[in-house]
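As they're listed, the protein sequences go chains A and B.
Every letter in the first sequence is one number past the one before it in numbering that gives the first Met the number 0, and letter 255, counting from 1, is 254.
Every letter in the second sequence is one number past the one before it in numbering that gives the first Met the number 0, and letter 109, counting from 1, is 108.
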Amino acid sequence: MKLFKTLSVAAMAIALVTSSVSAVSAASSLKGTIVVNGSSALLPLTLQAANEFKKLNPKVKISASAAGSITGPQSVRKGIADIGAVDWDASQDVPGFKKFDGQVAHKVAVIPFAAVANKNVKVDNLTTKQLQDIFSGKVTNWKDVGGSDADIIVVNRAFGSGTRVNFQMKALAGSDFLSKGNNYKEVKSSGDMKTAVETTPNAIGYIDLVYVTSNMKALQINGVAPSETNVINGTYKVWGYGYYMTKGQPDGATKAFIEYIQSAKFQNGSLKKLKFIPISAIK
Amino acid sequence: MLLKKASAVSVLALAIGVSAVGAASAATATKASVVQVTSSAYIVNGVAVNINTFFEKGRTLVSLRDISLTLGAKLQVTKEEIQARLNGHTVLLKNDSNLINVDGVEQKLNLPVKSVKGSSYVELKAYVEALGAQFAKDASGTIWIDANLLPDVDHIQWVDATRFIASQENETGRSDYLVDAQTGKYSKLIISSDASELAVAPDGKKAAYTNANGEVYVIEFDKIVPTKVSGDTSIKPELVWSADSSSIYFLQGDKGSVIAKLDPSISKITKIVDDKVDYKANLSVSTDGNTFTYTVTKPGAVVADSSKPVESDDVAIDMKGTEPQIFLFKVDPSVKDNKAVQLTTSADDKVFIHASADASSVSFVSVSSDDAAKSTLVSVSKDKTLKTLFSDKDVYDAVLSGGKWYLLTEGNGANNFVYEIDPATGAAKQLYTLDETVSEIVVQAGAPFAVINDGRVFLDINGHWKPTTR
Chain A
0 MKLFKTLSVA
10 AMAIALVTSS
20 VSAVSAASSL
30 KGTIVVNGSS
40 ALLPLTLQAA
50 NEFKKLNPKV
60 KISASAAGSI
70 TGPQSVRKGI
80 ADIGAVDWDA
90 SQDVPGFKKF
100 DGQVAHKVAV
110 IPFAAVANKN
120 VKVDNLTTKQ
130 LQDIFSGKVT
140 NWKDVGGSDA
150 DIIVVNRAFG
160 SGTRVNFQMK
170 ALAGSDFLSK
180 GNNYKEVKSS
190 GDMKTAVETT
200 PNAIGYIDLV
210 YVTSNMKALQ
220 INGVAPSETN
230 VINGTYKVWG
240 YGYYMTKGQP
250 DGATKAFIEY
260 IQSAKFQNGS
270 LKKLKFIPIS
280 AIK
Chain B
0 MLLKKASAVS
10 VLALAIGVSA
20 VGAASAATAT
30 KASVVQVTSS
40 AYIVNGVAVN
50 INTFFEKGRT
60 LVSLRDISLT
70 LGAKLQVTKE
80 EIQARLNGHT
90 VLLKNDSNLI
100 NVDGVEQKLN
110 LPVKSVKGSS
120 YVELKAYVEA
130 LGAQFAKDAS
140 GTIWIDANLL
150 PDVDHIQWVD
160 ATRFIASQEN
170 ETGRSDYLVD
180 AQTGKYSKLI
190 ISSDASELAV
200 APDGKKAAYT
210 NANGEVYVIE
220 FDKIVPTKVS
230 GDTSIKPELV
240 WSADSSSIYF
250 LQGDKGSVIA
260 KLDPSISKIT
270 KIVDDKVDYK
280 ANLSVSTDGN
290 TFTYTVTKPG
300 AVVADSSKPV
310 ESDDVAIDMK
320 GTEPQIFLFK
330 VDPSVKDNKA
340 VQLTTSADDK
350 VFIHASADAS
360 SVSFVSVSSD
370 DAAKSTLVSV
380 SKDKTLKTLF
390 SDKDVYDAVL
400 SGGKWYLLTE
410 GNGANNFVYE
420 IDPATGAAKQ
430 LYTLDETVSE
440 IVVQAGAPFA
450 VINDGRVFLD
460 INGHWKPTTR
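Structure follows, in structure tokens:
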């Protein structure tokens with residue numbers, strides 16, 4: 000009741016004694032609009048961070064969209080986005096994509112990826128060589144990798160997908176994908192991949208670990224199961240960083256937003272809640 | 000100077016009609032041989048006390064025994080020296096010497112320890128800080144001395160009228176403590192590397208959180224051992240307690256598409272809304288548990304032709320209509336294909352969103368895309384009628400508590416104001432003028448008004464801002 004006793008007075012003017020002159024004033028001093036575009040895997044993370052950041056900086060407006068990783072750095076280069084969300088470091092050359100000159104990569108999350116198969120597949124583990132052979136079309140039957148006598152249906156993400164770039168770099172050690180055939184299927188999103196692998200007998204594909212469901216089988220790679228623990232302890236290699244790309248070094252609201260998503264509060268709280276791995280977890 | 004300050008405090012106390020504890024007010028004076036000892040008022044560990052004091056060369060010296068024992072320090076006195084111990088710190092002093100030893104390191108006082116009528120007197124601030132305790136003087140001159148305030152607090156939330164949870168964030172996770180508002184005493188609640196923000200139940204007895212697997216835990220404050228109440232591993236971006244503190248409602252999925260209810264007593268989850276609409280947030284549940292309000296944020300539309308060379312940057316983004324909108328869903332089994340109702344369509348940004356207890360209206364701070372425009376407090380009723388509740392000052396922070404809104408707003412130049420708004424009448428009352436470095440207000444009906452200033456928590460205790468963390 001103390002509060003209301005005090006508040007019964009019309010106005011109370013009490014200045015707080017501040018011990019530091021360097022203190023940042025109310026966060027509301029930040030203003031501006033931030034446009035984020037790119038990776039669909041990072042979109043939930045961006046919108047969650049935006050929701051929290053706006054409570055600290057209500058004058059900052061954040062709009063986000065997603066249409067695949069490559070559109071992130073493209074949008075930044077074109078000047079229609081302040082941040083390009085991308086599942087690889089777009090300031091470096093990667094299989095299929097040249098680096099984006101002048102862009103700066105900011106790590107925001109660790110994203111594990113898993114090779115997944117339809118639940119009817121009897122194989123639990125594949126080596127890097129076996130994965131290379133399957134995804135290049137050299138091996139076409141599950142029996143050649145220890146499974147049943149059945150054609151392998153390869154499900155691949157379309158060109159421009161960050162998941163595809165990471166899987167090619169980390170699981171296939173850079174080797175090429177097949178790109179056509181009766182037993183080859185290409186999908187445009189993680190959601191389509193999930194549906195395709197869950198519903199297509201003898202299918203194999205790959206997906207962000209967070210999207211693995213009980214209706215599919217996550218395969219071990221070189222005898223190591225895909226898990227957050229195995230990523231952190233260094234035994235599971237198929238993971239990548241999620242990045243925010245900016246044109247040069249960011250400033251103002253964009254800089255503050257990137258710092259927020261990289262902060263210990265967000266990384267250990269909401270980022271883990273959304274089943275990403277904090278960047279500090281990787282030593 | 001001191002008397003002048005004390006007088007000023009008395010005037011303030013009278014003006015605001017509360018019994019403020021005057022700082023260092025001269026109560027009684029004892030004639031000493033060389034100095035005049037007075038009994039002066041301080042607030043030590045949250046309690047008002049009088050301690051024998053005298054003033055010399057502009058500095059305050061206090062009875063070493065009185066301040067030590069009041070703080071909770073242990074004293075050992077020999078002919079040669081005085082040893083004081085508090086919270087792992089050891090201070091050695093000698094009468095008539097201005098050298099003291101603090102945890103093995105020699106330090107110099109401005110004035111020597113002085114013996115008056117057989118009692119040792121020591122410089123107050125230097126001695127308190129040598130013991131590792133906190134010394135603070137507020138603008139009214141009140142001196143607050145605390146043996147052990149919680150350091151480096153990032154944010155707080157009230158549990159009830161007397162306790163709050165203070166959270167410290169660090170590289171490895173978060174530590175939550177229960178803090179007594181009056182004394183600043185704290186106890187560990189959770190130290191976790193992956194616990195979500197705590198959702199405190201309305202009964203003030205427990206809080207819920209999820210871990211990185213999505214499992215739900217409830218911690219009862221008097222037991223301090225969390226209980227797993229759901230092993231469901233789906234992502235749960237937001238948890239909200241029912242008004243009777245018996246159920247936990249939550250958004251489900253990485254896109255927060257589903258609204259579900261968890262009965263923690265039997266670990267049963269029931270879906271309430273599963274309309275495939277993504278990116279719900281700011282979930283609120285009416286007291287009767289039948290009406291849900293939330294925002295929906297639509298991602299922008301992107302057109303990109305992947306058949307074109309990457310270098311052509313053939314990408315177009317349309318962010319029209321991506322501002323959050325407020326929706327209301329009322330559970331009604333008699334309605335076929337029951338759907339949520341969209342209450343707002345405006346292009347403003349909406350923050351600090353809270354529904355009334357009966358969900359008859361939802362209020363929010365409306366932020367215009369025009370940077371120069373003031374942010375205003377707006378309410379939308381369930382029939383979609385918009386009403387501006389406050390537009391006099393630019394709003395920085397807004398909290399709904401006990402049916403009233405509390406706003407941190409721009410002030411007049413280098414300060415901020417706090418207003419109380421009655422949403423029923425629209426009446427606005429200015430409560431405080433605060434330093435412009437105040438970044439957040441934390442309000443709960445019945446509890447002291449709390450502000451975060453420069454990373455420290457201050458509470459309005461009887462008209463004085465008590466530092467409650469350091």
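Think of the CB as a built atom: it goes at the ideal place given N, C-alpha and C, for glycine as much as any other residue.
All values reported here derive from a predicted model rather than from experimental measurement.
C-beta contact flag for residue i and residue j at 9 Å
| i | j | result |
| --- | --- | --- |
| A211 (chain B) | K254 (chain A) | no |
| K473 (chain B) | V257 (chain B) | What the structure shows of chain B is the stretch from 0 to 469, and residue 473 (chain B) is not part of that stretch, so it cannot be assessed. |
| V437 (chain B) | N461 (chain B) | no |
| T468 (chain B) | I155 (chain B) | yes |
| D175 (chain A) | I110 (chain A) | no |
| V154 (chain A) | A202 (chain A) | yes |
| L92 (chain B) | N86 (chain B) | no |
| G180 (chain A) | V115 (chain A) | no |
| T45 (chain A) | F112 (chain A) | no |
| G454 (chain B) | V152 (chain B) | yes |
| S360 (chain B) | S345 (chain B) | no |
Pick from the options that is closest to residue i, judged by C-alpha positions
| i | options | result |
| --- | --- | --- |
| V75 (chain A) | B:K373, B:A315 and B:S380 | B:A315 |
| E128 (chain B) | B:L148, B:K392 and B:F53 | B:L148 |
| S471 (chain B) | A:S174, A:L46, A:A157 and A:V85 | Absent from the structure is residue 471 (chain B), since the part of chain B shown begins at 0 and ends at 469. |
| V48 (chain B) | B:S39, B:F54, B:D153 and B:K56 | B:S39 |
| Y183 (chain A) | A:S189, A:G190 and A:A195 | A:A195 |
| G252 (chain B) | A:I276, A:T212 and A:K246 | A:T212 |
| G230 (chain B) | B:D243, B:N97, B:L130 and B:Y208 | B:Y208 |
| L29 (chain A) | A:K53, A:L41 and A:P43 | A:K53 |
| F99 (chain A) | A:Q73, A:S62 and A:E227 | A:Q73 |
| Q102 (chain A) | A:V120, A:F112, A:P94 and A:A80 | A:A80 |
| F220 (chain B) | B:V104, B:K381, B:V115 and B:V199 | B:V199 |
| K56 (chain B) | B:G45, B:N289, B:V76 and B:L108 | B:L108 |
| L42 (chain A) | A:V138, A:G67, A:N119 and A:V120 | A:G67 |
Backbone CA spacing between residue i and residue j [nearest angstrom]
| i | j | result |
| --- | --- | --- |
| V144 (chain A) | L125 (chain A) | 8 Å |
| G172 (chain B) | A354 (chain B) | 31 Å |
| V107 (chain A) | T141 (chain B) | 46 Å |
| H444 (chain B) | V158 (chain B) | First, the residue type needs correcting, since residue 444 (chain B) is Ala and not His in the sequence shown. When rounded, the distance between both Cα atoms is 11 Å. |
| N169 (chain B) | S262 (chain A) | 9 Å |
| T286 (chain B) | V350 (chain B) | 22 Å |
| W141 (chain A) | L171 (chain A) | 18 Å |
| V223 (chain A) | I69 (chain A) | 30 Å |
| L406 (chain B) | D391 (chain B) | 11 Å |
| L123 (chain B) | I164 (chain B) | 31 Å |
| V456 (chain B) | G183 (chain B) | 10 Å |
| A146 (chain B) | L98 (chain B) | 22 Å |
| T52 (chain B) | L70 (chain B) | 16 Å |
| V215 (chain B) | K403 (chain B) | 31 Å |
Three-state secondary structure assigned by DSSP to residue i
| i | result |
| --- | --- |
| R455 (chain B) | strand |
| K274 (chain A) | coil |
| F163 (chain B) | strand |
| V158 (chain B) | coil |
| D65 (chain B) | helix |
| R84 (chain B) | strand |
| W141 (chain A) | helix |
| A157 (chain A) | coil |
| R469 (chain B) | coil |
| Q248 (chain A) | coil |
| S368 (chain B) | coil |
Exercise. Pull out every residue of the segment 72-95 of chain A whose Cβ sits closer than 7 Å to any Cβ of chain B, in chain order.
Key: Those residues of the segment 72-95 of chain A placed with their C-beta closer than 7 Å to a C-beta in chain B are Q73, S74, R76, K77, I79 and A80, ordered along the chain.
Practice problem: Residues of the segment 326-359 of chain B with a CB closer than 8 Å to any CB of chain A: list them in chain order, please. | Solution: From the segment 326-359 of chain B, only D348, V350 and F351 have a Cβ closer than 8 Å to chain A.
Exercise. Could you please tell me which residues of the segment 226-238 of chain B, in chain order, have their CB closer than 8 Å to any CB of chain A?
Key: Of all residues in the segment 226-238 of chain B, those with a C-beta nearer than 8 Å to a C-beta of chain A are I234, K235 and P236, reading in chain order.
Practice problem: Can you give me, in chain order, the residues of the segment 283-299 of chain B that have a beta carbon less than 8 Å from any beta carbon in chain A? | Solution: Within the segment 283-299 of chain B, the residues whose Cβ lies closer than 8 Å to any Cβ of chain A are, in chain order, T296, P298 and G299.
Exercise. Name, going along the chain, the residues of the segment 161-190 of chain B whose beta-carbon falls closer than 7 Å to a beta-carbon of chain A.
Key: Per Cβ criterion, the list reads E168, N169, E170, G172 and R173.
Quiz item: If you measure beta-carbon to beta-carbon, which residues of the segment 384-416 of chain B are closer than 8 Å to chain A?
Solution: Cβ contacts with chain A: D393, V394, Y395, D396, L407, N414 and N415.
Quiz item: Along the segment 298-315 of chain B, what residues have a CB closer than 9 Å to any CB found in chain A?
Solution: Answer set for the segment 298-315 of chain B: P298, G299, A300, V301, V302, A303, S305, V309, E310, S311, D312, D313, V314 and A315.
Practice problem: Could you list the residues in the segment 362-386 of chain B with a C-beta less than 9 Å from some C-beta on chain A, going in chain order? | Solution: If the cut-off is 9 Å between Cβ atoms, the segment 362-386 of chain B has V364, V366, S368, D370 and S374 near chain A.
Quiz item: For the segment 100-114 of chain A, which residues have a beta carbon sitting closer than 7 Å to at least one beta carbon of chain B?
Solution: With the criterion set as a beta carbon lying under 7 Å from some beta carbon of chain B, the segment 100-114 of chain A has no members that meet it.
Quiz item: Got a sec: which bits of the segment 41-65 of chain A sit with their beta carbon under 7 Å from any beta carbon on chain B, in order along the chain?
Solution: Cβ contacts with chain B: L42, P43, L46, Q47, N50, K53, K54, P57, K58, K60, S62, A63, S64 and A65.
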